[in-house]
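In order, the protein sequences belong to chains R and B.
The numbering of the first sequence is the numbering used here, which starts it at 2 and goes up by one.
The numbering of the second sequence is the numbering used here, which starts it at 179 and goes up by one.
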Amino acid sequence: QLQLEESGPGLVRPSETLSLTCTVSGGSISNNNYYWAWIRQPPGKGLEWIGSVYSISGSTSHHPSLKSRVTISVDTSKNQFSLKLHSLTAADTAIYYCARPVLEWLGGAFDIWGLGTMVTVSS
Amino acid sequence: EIVLTQSPGTLSLSPGEGATLSCRASESVPGSYLAWFQQKLGQAPRLLIYAASNRATGVPDRFSGSGSGAVFTLTISRVEPEDFAVFYCQQYGRSPYTFGQGTKLEI
Numbered sequence: 002q003l004q005l006e007e008s009g010p011g012l013v014r015p016s017e018t019l020s021l022t023c024t025v026s027g028g029s030i031s032n033n034n035y036y037w038a039w040i041r042q043p044p045g046k047g048l049e050w051i052g053s054v055y056s057i058s059g060s061t062s063h064h065p066s067l068k069s070r071v072t073i074s075v076d077t078s079k080n081q082f083s084l085k086l087h088s089l090t091a092a093d094t095a096i097y098y099c100a101r102p103v104l105e106w107l108g109g110a111f112d113i114w115g116l117g118t119m120v121t122v123s124s
Numbered sequence: 179e180i181v182l183t184q185s186p187g188t189l190s191l192s193p194g195e196g197a198t199l200s201c202r203a204s205e206s207v208p209g210s211y212l213a214w215f216q217q218k219l220g221q222a223p224r225l226l227i228y229a230a231s232n233r234a235t236g237v238p239d240r241f242s243g244s245g246s247g248a249v250f251t252l253t254i255s256r257v258e259p260e261d262f263a264v265f266y267c268q269q270y271g272r273s274p275y276t277f278g279q280g281t282k283l284e285i
């Protein structure tokens, strides 16, 4: 059974870079060309898609509201994909989830989620 | 980007009643690539419906999705006590893939 687990710091200072990793277990990240995703949820608010990466091609896309602050990559040798979010502000405080869509090539309809990791941006 | 508006914001029902949740898009969703999620407090979202009307694995058949174009509906035929949660729609027909603001289903 495929499982995802986010890891990274729980507290980051403003203007710094957040680095999160999603480790995939119970299967290979490169078996199929899924569009692995990062989604976040500020406390008490709704869900926001951050961006996604294809596991085989490595091509990515991200929400334009985040402009050039986002870097998403995949490391098939470690069965992981990662998120870097630069120039943090308090508005980036959220639960960060990694997820996989129900079908290959799709950008949404995520049927497998990590438990989420809370990230607080504060000095 | 495609903006999704969910209504009502809060739906108050008793177990056994039927529920109808709406998701309206600011423009037609390509391919009717519209999903519904259920999120309980402190948990990750759970996929219920994808491609507007396809139930995800393990989802009870009291949940059904319908719609096309820019208007979509999630129906719960008879609400069970474990169904009370927040429900989100998401379009994944065009990037950026956007979510609605959520409908809270409360007792």
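Cβ atoms here follow ideal geometry from the backbone N, Cα and C, with glycine treated the same way.
Quick caveat: nothing in here was measured; it's all calculated off a predicted structure.
Where the beta strand (DSSP E) through residue i begins and ends
i                      : result
serine 192 (chain B)   : Serine 192 (chain B) -> no beta strand (DSSP E), and no H or E assigned at all.
histidine 87 (chain R) : Looking at the DSSP string, histidine 87 (chain R) is not in any beta strand (DSSP E), and its letter there is neither H nor E.
lysine 282 (chain B)   : 281 to 284
alanine 38 (chain R)   : 36 to 42
arginine 224 (chain B) : 224 to 228
Per DSSP, cross-strand counterpart(s) of residue i
i                      : result
alanine 95 (chain R)   : R:Val120
aspartate 76 (chain R) : R:Gln81
arginine 286 (chain B) : Since the first residue of chain B shown is 179 and the last is 285, residue 286 (chain B) is not available in this structure.
Assigned exposure category for residue i - 16 Cβ within 10 Å defines buried
i                        : result
aspartate 239 (chain B)  : exposed
glutamate 7 (chain R)    : buried
proline 274 (chain B)    : buried
tryptophan 106 (chain R) : exposed
serine 124 (chain R)     : exposed
Assigned secondary structure, residue i (DSSP; H/G/I helix, E/B strand, else coil)
i                       : result
lysine 68 (chain R)     : helix
glycine 209 (chain B)   : helix
aspartate 239 (chain B) : coil
glutamate 17 (chain R)  : coil
glutamate 105 (chain R) : coil
glutamate 7 (chain R)   : strand
glutamate 49 (chain R)  : strand
Problem set entry | Contact residues within the region 100 to 115 of chain R, judged by C-beta distance below 9 Å to chain B | Cβ contacts with chain B: Ala100, Pro102, Val103, Leu104, Leu107, Gly108, Gly109, Ala110, Phe111, Asp112, Ile113, Trp114 and Gly115.
For this session: Return the residues of the region 180 to 200 of chain B that lie within a Cβ-Cβ distance of less than 8 Å from chain R, sorted by chain order.
Result: The residues in question: there are none.
Exercise. When Cβ atoms are compared, which residues of the region 23 to 43 of chain R fall closer than 7 Å to chain B?
Worked result: Residues passing the 7 Å Cβ filter: none.
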